[in-house]
Structures are given as C-alpha cells and as structure tokens.
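S.K.:
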Amino acid sequence: MQAKVHTLVHNKWFERIIISVIVLSGILIGIETSRSLSQNQIGWIELAHSIILWIFVIEVVLKLYACAPNVQKYFKDGWNVFDFTIVVVALIPFTGQFAVIGRLLRLLRVARLISVLPELRLIVTTLIKTIPSMFHVVVLMLVLFYIYAVAGFNLFHETNPQYWGDLGTSMLTLFRIVTLESWTQIMYIDLAVNDWAWIFYVSFIVIGTFIIINLFIALVLNNLDEVKEQKKALERTQNTEAHILNNIVLIRKQLQEIEKEMHEKQ
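Going from the sequence shown to this note's numbering is simple: count from 1 and add 507.
Put into structure tokens, the structure is as follows:
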C-alpha cells in the first residue's frame with residue numbers, strides 16, 4: 508500500500524490535480540473581491556474553500572504516509588515544509604474581527620503554485636542561492652550611489668533643489684534614474700543651466716544600469732546552472748530510490764508466491 512501511495516503522490520496526474528485545485532482556489536479568492544456577490548453565493552464559495560483545504564490536508568497526509576516511518580525525510584525538503592506550514596495555518600480558525608486575517612492567509616494557497624511547478628521552484632531556488640553572492644555587488648552599487656549622490660548634490664542642489672536638495676533626495680533621484688523612469692526629464696532641468704550635465708547622467712546610467720545590473724544577471728545565470736545540475740543529480744537519486752522500492756515490492760510478491768507453492772506441496 509505504501510509503495511502505491513508513493514507512486515501516486517509522485518504521479519504527474521496527481522500533481523496536475525493539485526495544480527488545478529490551487530488555481531481554482533486563486534480564482535475563488537479573486538471572485539470574493541466582487542461586490543455584486545449575494546450572501547448565498549458567498550456561502551457556496553466558503554464551502555468550496557473548505558473542500559479545497561481538505562484536499563490539501565489529504566495531500567499532506569498521503570505524502571507523510573509515503574515517507575513513513577522515515578517521516579523526517581518529508582520535512583528535509585524545504586518545499587514540503589512550505590506546503591505543510593500553509594496547510595497548518597489554514598486550519599487555524601479565524602473568526603470575528605480576525606476573519607479578515609483568515610481571508611488574507613488564503614492567499615498563501617496561491618503561493619503554493621511555486622512549490623508544485625518545478626520551473627518556478629527552480630527560479631526561486633536560484634534567487635535564494637544568489638542572495639549571498641550578491642552582497643559584494645550590492646556594496647559596490649551602494650558606493651556608486653553614495654559617490655554620485657554627493658557629487659549630484661554639490662553640482663545641482665542650487666539650480667535643481669527638487670531632485671538634488673539633500674543627500675537623501677539625491678539617493679532617491681539616482682534610484683529613479685537607474686530604473687530609467689523619466690530620467691531625461693531630470694537631466695533636461697540641469698542641462699538648461701549646465702551644458703555638461705549630460706556627462707554626469709550618462710556616465711551614471713552606463714555604470715549603474717548597464718554594468719551593475721549585468722553583474723546581477725550574470726550571478727543569477729551562474730547560480731541557475733548550478734541549481735539545474737543539483738536538480739538533475741537529485742532526480743537521478745529519486746529515480747534510483749523508486750527503482751529499488753519497486754524491486755523490493757516485486758521480490759516480496761515473488762517470495763509470497765514461493766511460500767504459497769511450498770505450502771501447497773506440503
């Protein structure tokens with residue numbers, strides 16, 4: 508039975524059913540924002556939410572049973588812990604003034620799409636793994652922002668105090684420039700007074716946007732390749748474990764048949 512449950516929870520159709528339930532849950536959450544819903548319709552939606560919640564509970568129970576008696580194997584996977592936490596939180600009753608919190612926590616079910624879709628898991632894992640290696644790039648960007656913020660204050664605070672009036676405002680202006688959001692509007696204000704102001708803006712965009720952001724992209728792509736290799740190695744291990752488990756089940760059946768034949772001969 509355990510082998511059958513293990514095969515079931517790793518079956519693609521089982522995963523597709525769970526994905527469909529998560530999408531349905533997200534649609535229901537969106538429908539609840541409609542003001543035209545009657546009290547009767549809200550009752551049906553609440554019933555659907557309850558059914559969806561118990562489907563998630565059954566999914567967790569089946570996965571725990573598939574790992575039994577080595578239940579800690581289930582919790583070694585961070586995505587399983589993520590799913591388990593969402594289900595446990597959803598089981599907490601929120602009534603009265605806390606009912607709004609309960610409805611907001613339902614949004615976590617939509618986040619489960621990340622854990623059930625391998626491609627999304629891959630992207631999120633890559634981003635999490637990239638965070639430590641981004642530290643030095645972030646420090647470099649902060650140094651660049653600080654240098655240009657102080658320079659911008661000294662050069663333009665008298666003629667353009669709206670964007671360069673103090674250090675904090677200058678940092679916010681640089682953040683707007685690095686996102687390329689209407690940065691030419693700011694530049695033309697300073698160009699009207701200083702013909703050489705374009706050098707300041709263009710140099711910051713070249714260094715801040717094209718070089719620094721490309722460093723971020725390079726780090727993400729590098730870690731993406733590493734995560735893909737780790738995923739392939741894990742899949743090979745899981746396939747080996749599944750093959751061994753199937754062989755054990757087959758050997759047990761053969762032993763039972765042999766014992767049955769021996770009893771019949773006796």
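Cβ coordinates follow ideal geometry from the N, Cα and C atoms, glycine included.
Take the Cβ of K583 as the centre, count every other Cβ of all protein chains shown within 10 Å, and call the residue buried at 16 or more, exposed below.
M.R.: Taking the first residue of the sequence shown as 1, we reach residue 583 at position 76. The residue is exposed, with fewer than 16 neighbouring Cβ atoms inside 10 Å.
S.K.: Return the first residue and the last residue of the alpha helix (DSSP H) that H643 is part of.
M.R.: Your numbering for residue 643 matches position 136 in the sequence shown. Its alpha helix (DSSP H) spans residues 642-663.
S.K.: Alpha carbons only, please: which of I684, L634, V713 is nearest the one belonging to V782?
M.R.: Lying before the first or after the last residue shown, residue 782 is absent from the chain, which here runs from 508 to 773.
S.K.: My assumption, with CB atoms under 8 Å, is that I496 sits in contact with L614. Please give the rounded CB distance.
M.R.: As shown, the chain starts at 508 and ends at 773. That puts residue 496 outside it, with no answer to give.
S.K.: Just to confirm the assignment, what range does the alpha helix (DSSP H) spanning T680 have?
M.R.: Numbered from its first residue, the sequence shown carries residue 680 at position 173. T680 -> alpha helix (DSSP H) spans 674-685.
S.K.: Does the beta carbon of M508 sit closer than 7 Å to a beta carbon anywhere in chain C?
M.R.: As a matter of chain content, chain C is missing from the structure shown, which is built from one protein chain.
S.K.: Could you tell me the distance, in whole angstroms, from the CA atom of M641 to the CA atom of F723?
M.R.: Locating residue 641 in the sequence shown gives position 134, where the first residue counts as 1. Locating residue 723 in the sequence shown gives position 216, where the first residue counts as 1. Roughly 7 Å between the two C-alpha positions.
S.K.: Taking the CB atoms as reference points, tell me whether T680 and Y670 lie closer together than 7 Å.
M.R.: What you label residue 680 is simply residue 173 of the sequence shown in a count that begins at 1. What you label residue 670 is simply residue 163 of the sequence shown in a count that begins at 1. Contact: yes.
S.K.: Below 8 Å CB to CB, which residues in the same chain sit around E539 once its five sequence neighbours on both sides are set aside?
M.R.: Translated into the one-based positions of the sequence shown, residue 539 becomes position 32. Only I549, I552, R610 meet the Cβ criterion.
S.K.: Using only the alpha-carbon positions, how far apart do V645 and T632 sit?
M.R.: Within the sequence shown, the letter at position 138 stands for residue 645. Within the sequence shown, the letter at position 125 stands for residue 632. If I take the Cα positions, the gap works out to 20 Å.
S.K.: When the Cα atoms are used, what is the spatial distance from D697 to Y653?
M.R.: Your numbering for residue 697 matches position 190 in the sequence shown. Your numbering for residue 653 matches position 146 in the sequence shown. The alpha-carbon atoms of D697 and Y653 are separated by roughly 20 Å.
S.K.: Sort V528, T676, L651 by Cα distance to A555 and report the nearest one.
M.R.: Taking the first residue of the sequence shown as position 1, residue 555 is located at position 48. Comparing Cα-Cα distances from A555 to each of V528, T676, L651, the minimum goes to V528.
S.K.: Going by CA-CA distance only, name the one from I559, F591, A575 that's closest to V567.
M.R.: Numbered from its first residue, the sequence shown carries residue 567 at position 60. Of I559, F591, A575, the residue nearest in Cα terms is F591.
S.K.: What does the alpha-carbon distance come out to for the pair R628 and V617?
M.R.: Locating residue 628 in the sequence shown gives position 121, counting from the first residue. Locating residue 617 in the sequence shown gives position 110, counting from the first residue. Roughly 14 Å separates the two Cα atoms.
S.K.: In this structure, does DSSP put A704 in helix, strand or coil?
M.R.: Taking the sequence shown and counting its residues from 1, the one referred to as residue 704 is at position 197. Helix.
S.K.: Within this structure, are the beta carbons of L560 and A606 separated by less than 7 Å?
M.R.: Along the sequence shown, one-based indexing puts residue 560 at 53. Along the sequence shown, one-based indexing puts residue 606 at 99. No; because the gap between Cβ atoms is not below 7 Å, this pair is not in contact.
S.K.: Alpha carbon to alpha carbon, how far is F717 from S532?
M.R.: Translated into positions along the sequence shown, residue 717 becomes position 210. Translated into positions along the sequence shown, residue 532 becomes position 25. If you take the alpha carbons of F717 and S532, they lie about 41 Å apart.
S.K.: Jot down the residue ranges of each uninterrupted alpha helix (DSSP H) in the region 509-592, minimum 4 residues, whole runs only, in chain order.
M.R.: Here the runs fully enclosed are 509-516, 519-538, 546-574, 579-583.
S.K.: Specify, as a first and last residue, the run of the alpha helix (DSSP H) that I608 falls within.
M.R.: Here residue 608 refers to the residue found at position 101 when the sequence shown is read from its first residue. From DSSP, the alpha helix (DSSP H) with I608 extends over 606-612.
S.K.: How is A699 classed by DSSP in three states: helix, strand or coil?
M.R.: In the sequence shown, counting from the first residue as 1, residue 699 sits at position 192. Residue state, collapsed to three classes: coil.
S.K.: Can you round the beta-carbon distance between I706 and I693 to whole angstroms, since I take them to be within the 8 Å contact cut?
M.R.: Counted from its first residue, the sequence shown places residue 706 at position 199. Counted from its first residue, the sequence shown places residue 693 at position 186. Actually they do not touch by this definition, with Cβ atoms about 14 Å apart.
S.K.: Within a Cβ cutoff of 7 Å, which residues of the same chain sit near L662, ignoring the five residues on either side of it in sequence?
M.R.: The sequence position of residue 662 within the sequence shown is 155, counting from 1. The answer, listed in chain order, is F707.
S.K.: Using C-beta distances below 6 Å, list every residue in its chain close to V700, excluding the 5 sequence neighbours before and after it, in chain order.
M.R.: Numbered from its first residue, the sequence shown carries residue 700 at position 193. Same-chain partners within the cutoff: T666.
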